[in-house]
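Let me begin by presenting the structure, written as structure tokens, before commenting on it.
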Amino acid sequence: MNCPQCAAALAEKRLKERPTAVDYCEKCHGVWFDDAELSSFLGVPARNLSAPANARTGTLQCPRCAKPLVLFPYPGTMTVIDGCTTCRGVWLGGGEYQEIAKARPATPAPQPRPKLPSPDPAKVETAGVKRRMINFIDRSIESLWAGIRG
Ligand SMILES: [Zn+2]
Ligand SMILES: [Zn+2]
2 MNCPQCAAAL
12 AEKRLKERPT
22 AVDYCEKCHG
32 VWFDDAELSS
42 FLGVPARNLS
52 APANARTGTL
62 QCPRCAKPLV
72 LFPYPGTMTV
82 IDGCTTCRGV
92 WLGGGEYQEI
102 AKARPATPAP
112 QPRPKLPSPD
122 PAKVETAGVK
132 RRMINFIDRS
142 IESLWAGIRG
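The sequence shown: position 53 = 54 (this note's numbering), numbered continuously.
Encoded structure:
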């Protein structure tokens with residue numbers, strides 16, 4: 002599999018204390034997460050995390066299935082990332098995850114919990130899945146950086 006950004010061969014990187022390996026570009030520092038990688042970690046199908054239906058098509062091609070990747074904002078930030086709506090993989094470019102790390106403080110201030118009259122179970126579940134994906138990607142990025150720097 003080759004990098005969608007610079008076409009270099011992607012290297013498999015095993016993350017510390019995780020059964021999952023991700024595909025990493027040693028040249029431009031992008032990371033590819035397969036649907037199966039996200040699903041096995043989160044315990045839910047990654048299609049629940051899919052890009053919005055109105056997401057626009059970007060300039061990159063999916064390294065897995067060669068379909069155009071669509072652009073959508075990484076949850077909780079203004080950083081736009083690339084996702085494949087066919088095989089459900091997610092690509093984070095090298096510069097993108099540095100932006101995400103900057104945009105997301107390591108210890109966010111506790112937020113007062115808003116009182117919801119009757120939460121829709123489906124919406125609550127989606128929010129939980131999204132949070133787990135964010136945590137997963139954050140930790141993955143941290144271990145990758147730790148591996149690169151160390
Ligand atoms: Zn690359
Ligand atoms: Zn794909």
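Where is the CB? At the ideal position from N, CA and C, for every residue including glycine.
N-terminal and C-terminal residue of the beta strand (DSSP E) that residue i is part of
i	result
G84	81-84
R15	12-15
T58	57-62
A8	Per DSSP, A8 belongs to no beta strand (DSSP E) and is neither H nor E.
P74	69-74
Residue-chain proximity (residue i, chain B), Cβ-Cβ < 8 Å
i	result
P53	Absence of chain B from the displayed structure is noted, only one protein chain being present.
Where residue i sits in the DSSP three-state scheme
i	result
A37	helix
A104	helix
R150	Model confidence at R150 stands at a pLDDT of 49, short of 50, so the residue's coordinates are unreliable and nothing is read from them.
T21	coil
Same chain, Cβ closer than 8 Å to residue i, neighbours up to 5 away in sequence not counted
i	result
N3	A9, A10, L11, P64
K68	Q62, C85, T86, T87, C88
Distance cut-off 7 Å: residue i Cβ against heavy atoms of ligand 3
i	result
C66	The model on display carries ligand 1 and ligand 2 but not ligand 3.
Check whether the stretch 20-35 touches the stretch 51-61, counting contact only when three or more Cβ pairs, one atom from each stretch, lie closer than 8 Å.
Per the Cβ contact rule, the stretch 20-35 is not in contact with the stretch 51-61 (fewer than 3 Cβ pairs under 8 Å).
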